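The structure appears below as C-alpha cells.
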Amino acid sequence: MSGLEVRADLNRKSYTAIKDDPNRRDDINAFLNNTIRTVVIRNWPSTNFLHIVFLRLNTGSVKLSPQELRQAMVPGPFSEFIDDTALASAHTQRLLGRTSPDPRMRDVELLVRFLGFRNFLPTYGGRMKEFLDGVCQELTDTWANSQPRVQGDLNEFNSAVDALIEIFGADEIARKPGSKSFNRAIFDALAFYAADHEIRNSMTAHSGPIKDLYAELMRDDRFSEAIESDTAGIPHTFDRLSLWGLGLRRVLGIGFNVPMLIEREDGSAGIGFDGFR
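In the numbering used here, each residue's number is its place in the sequence shown (first place is 1) plus 246.
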C-alpha cells in the first residue's frame, strides 16, 4: 500500500505482511470485516449526469480520467474491444514512452480519438469529451457492423505509427521543440494523414522534407497557437488538420482532399471532410 495519509504506518506494507504480523491482527480483522457499500444508478438522464456523479464520488481521491469515466458510462463490446486492444498495443506504449499499458487509459483515449477523427470528423462540435462519448456510443450501438471497419482502421493506425517512427523517431513524434511531452493535438493531425496508405508511403519516401515541414510549422504562429490553447475548439482543430494537410500536399506533390471549415445550418462552425479522394 502507498499514499495513505491517515494510516501512514501502513505505507509500503503488503496485505500478506499485515496478515502475517501478530501485532496487526486488529488491522487485518477491520479490513476483512469492513462493509463495502454500493450504489446502483439506473435510468440516468444523460451522460453529463453520470459525469457529475462520478466527479462527486471522486472528490478527495484520485479523479477518474475522462476515458475511465467513458468506459464506465458506455459499457459494451466496443469498450471491451478497445480496452483489450490498448492493453496489447506496443504502438501506443511507444508513443507515450511507456513499457506497459497506461494506468489512466490515455492509450485507450488515443485510439478513440483516432477513430473519431477518421470516421466522424464532420460531427465534431468543438467539445472533445462530448465527441468521444458519442464515438464510443455510436460504435457500441453499431458494433456488429462496425467491428470489421474498426479493426481495419486500427491496422492503419499501427502502420501510421510505424511510418511516423521511421520519419521522426519514437521520442520525437508529436513533440514540440525542446519538449519530451507527447502532444495529442499534434498527433491527431499526424495520424489523420499517415493512416492513408498513399499519403503514408509518400511521407516515408520523403522523410527529410517531412521533417523540414514539421519544423516549419512549429515556427508558424497560427499552428503553434492551434496546439497550445483551446486545442479542442473548432478553429484550432481545423487549423491543425488543414495546415499540416496543405503542407503535406505541397511537399509531397500529390493530390488529396483536406478538411474544410464550413458553416452548419444552425450557423455554427464545423469541419467538412468527405474522404481524401
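We treat Cβ as the ideally placed atom computed from N, Cα and C, and that holds for glycine.
Bear in mind that the values here come from a model prediction, so they are computed numbers and not experimental data.
Cut-off 8 Å between Cβ atoms - residues of its own chain near K426, not counting five sequence neighbours on either side: G343 and D417
With distances taken between CB atoms, is the gap from I508 to G516 smaller than 8 Å? yes
To which residues of the same chain is T293 closer than 6 Å at the C-beta, ignoring the five residues directly before and after it? M319 and D379
May I ask you to report which of helix, strand or coil DSSP gives I517? strand
Helix or strand or just coil, what does DSSP make of M449? helix
Excluding the 5 residues preceding and the 5 following I411 in the sequence, name in chain order all residues of the same chain whose CB lies nearer than 8 Å to its CB. R340 and I419
Assuming I473 is part of the alpha helix (DSSP H), what are its boundary residues? Where I473 is concerned, there is no enclosing alpha helix (DSSP H), given that its DSSP letter is neither H nor E.
Quick one: Cα of N275 to Cα of G372, how far? 51 Å
Is T450 a contact residue of the ligand MN, with contact defined as CB to any heavy atom under 7 Å? Absent from the structure shown: the ligand MN. Ligands present: none.
In the DSSP assignment, find the alpha helix (DSSP H) that holds I231 and state where it starts and stops. Since the first residue of the chain shown is 247 and the last is 523, residue 231 is not available in this structure.
Which of helix, strand or coil DSSP assigns to I287: coil
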